[in-house]
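Numbering (the working numbering), first residue to last: 207 to 375. Down below is the structure, laid out as structure tokens.
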């Protein structure tokens, strides 16, 4: 995907519109090809992206080094998570709808990372892999349109600010 705010099930950009789930490839002659994956519409974006990363790992020639930038949108708005990930919070102390959606998306992130690393291990690539896990900023503070159940407490403020809630991730 090319930007944030991707609908987790429709795979379109929620702010600007347009389908935003693509496979970019290059053939043996160096010709670039872009394919829009409309057949993935309706599937949970995190699972679709993870399945694509797993496909690439499985098809990769092990004798060639590989670099993969595998980015998942799970803590970004819009807050949309499959019911199965949210249901475990039904009787919890968490009552905020957005917070439950965020926690559900984090469950999806955990599952994606596990599935991806399992494939690296099964493909004998894990021992020669450097995995970097990072974030770009803290969550959006309450009141911003992109607020999605985030909490940067005890740090001050969050995303789009110069304060520690945005900078210390």
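Don't be surprised by glycine CBs; every beta carbon is placed ideally from N, CA and C.
Contact between the segment 235 to 242 and the segment 250 to 265 is not established, with fewer than three Cβ pairs separated by less than 8 angstroms. Ranked by Cα distance from residue 294, the first of 348, 327, 283, 308 is 308. The segment 281 to 288 makes contact with the segment 302 to 318: 3 or more CB pairs, one atom from each, lie closer than 8 angstroms. Across the structure, residue 314 and residue 270 are spaced so that their CA atoms are roughly 30 angstroms apart. Note that the C-beta distance between residue 256 and residue 322 is below 8 angstroms. Distance between residue 268 and residue 262, taken at the CA atoms: about 11 angstroms. When only Cα atoms are considered, residue 363 and residue 330 end up about 43 angstroms apart. In this structure, residue 358 places its C-beta atom within 8 angstroms of the C-beta atom of residue 371. Residue 215 and residue 247 have their alpha carbons spaced roughly 6 angstroms apart. Under the DSSP definition of a beta bridge, residue 232 partners with 238.
Pairing residue 373 with residue 275, the inter-Cα distance amounts to about 22 angstroms.
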